[in-house]
Every structure is written in structure tokens, then in C-alpha cells.
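A.B. asks:
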Amino acid sequence: MNRAFIFSNGSYGKADFYLKRLSEERRYVIGVDGGANFLMRLNVIPDLIIGDMDSIKEDVSNHFQRLGVLFLKYPKNKDEVDTELALQWCVKKGYNVVSIFGWLGTRVDHSIANLYLLKFGHKNDVKITLEDAESEIFLVDKNICLDAFVGQRWSILPFGGIAKGVRLKGFEYEVDGRDMNMSHPYGVSNRAIKEHVEIDVREGILLVIRYRKKCDIP
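Numbering-wise (the numbering used here), the sequence shown opens with residue 4 and increments by one.
#1: Could you name the residues of the same chain whose beta carbon sits closer than 6 Å to that of asparagine 99, not counting the 5 residues immediately before and after it, in chain order?
#2: At which residues does the alpha helix (DSSP H) containing histidine 66 begin and terminate?
#3: Between valine 53 and valine 32, is the Cβ-Cβ spacing less than 8 Å?
#4: My output table needs one value for glycine 180: the three-state DSSP class, helix, strand or coil.
#5: From serine 58 to serine 26, what distance separates their C-alpha atoms?
#6: In three-state DSSP terms, what is lysine 122?
#7: Between aspartate 182 and isoleucine 165, what straight-line distance do the alpha-carbon atoms span, to the nearest angstrom?
#8: Strictly by DSSP, which residues pair up with valine 143?
#9: For a test of the three-state rule: what should DSSP assign to arginine 2, helix, strand or coil?
#10: If you follow the beta strand (DSSP E) that tryptophan 157 is part of, which residue opens it and which one closes it?
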């Protein structure tokens, strides 16, 4: 498994969560344009900085250039968002497990585009997870069993159309073969009642949001 961590130019909050994630496993670290500003705050040296360089601070750019970090600069007028460029690079280099941090920010359009990039991973056989201190988001298109804990909040929604034959087990609200339609997102705020949950979809794709903290079960 070849893993990469992508730091996009979004919102981050406290550094503790990201430092812990960086310490957990070997990975290739990519700063996406202004995402490199946060890496400097963490005192982490990225392996690569990529993008059109319109949001990286000058002192951050100079600092990492002095350290010999690889920069890949693209023109501002392009069809790809910077995070997509980073994902394209990951595919080219054989990284098949990618965590994207800083994906959510004040720009709603960029946040939605980053959600859409989950489909890029699905198309290219790359497991992409959007992560922050509160949750992780990923796609499911088949039967899968996942670790959970009692009281953990989950939201499971159709992605890109109708998800047919959805089954959810190990949750407070179980589902047995129902369809999920984007106009009726009933899969919001489910809760695990077991230490393992099962998610299955016969046709289509599910967007899974797994929260890191416990919520009360009446």
C-alpha cells in the first residue's frame, strides 16, 4: 500500500490531530498551494508542493525552496483545481491510498469540488478519504465491514444518483434492501450500536461520513 497525505488550502483548526496522523504511518506529504502554509505551521517538511502558487505565502515558499522541496507550478488558467493536480500526480506515481486534509473551507465551491474528487479516486482505483479532526468521508460501492464503537455517529448518503439495494447492519436504524435517492437523504445521523458495522449497496455509490466522537443514544 502506497499512501499519500495531501494538505489542501482549507480550514484546519488545532494542529494536534494532524501531527498525530502524520506520526502514525509512512506516507508521502504533498502541500497543495496554500496548504503548505499549514505544513510550515506544523514544522513539517513536505515532499512536494503543487499548484498555481496563488495562495502560498512568500516566506513559506522561500523557506521550503531553501530546504530543497520539489515544486510543481501550474498556470492559473487551467481546467483542474489544485487538489486534482495533486491527485493526478499520485496516480502517476502509484499512490493508491490518499488522505486529503484541509478539504473543507470558506469557499463552498472548492469544498464541493473536493467532494467530487472522491469520484476521481473511484475511477482510478485510488482510495481517497477526506479527513479532519471531526470526521472522515469516503465512498462505498460494495459490501464492506468497518470498525465502529457504540454511539458513533455515521451518515450514509447516495452519491451521484440513486443507490439501489442499500443494506445497513450494526446501526440504530438498520436498512434492508432499500433504495436511497438524493432527493430523500434519510441516511443522515445514524448511530452505531455494535463494534463492527456492515454497509452494502447493490447498485450505485454511497457517501459515508464517519464521525470520530461519540453521540448519545436515548
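Even for Gly, the Cβ is constructed at its ideal location relative to N, Cα and C.
C.D. replies: Per the coordinate set shown:
#1: Asn5, Val129
#2: 61-69
#3: Valine is not the amino acid found at residue 53; the sequence shown has isoleucine there. Not in contact: isoleucine 53 and valine 32 (Cβ atoms no closer than 8 Å).
#4: strand
#5: 27 Å
#6: helix
#7: 7 Å
#8: Leu209
#9: With the chain running from 4 to 221 in the structure shown, residue 2 is simply not present.
#10: 155-161
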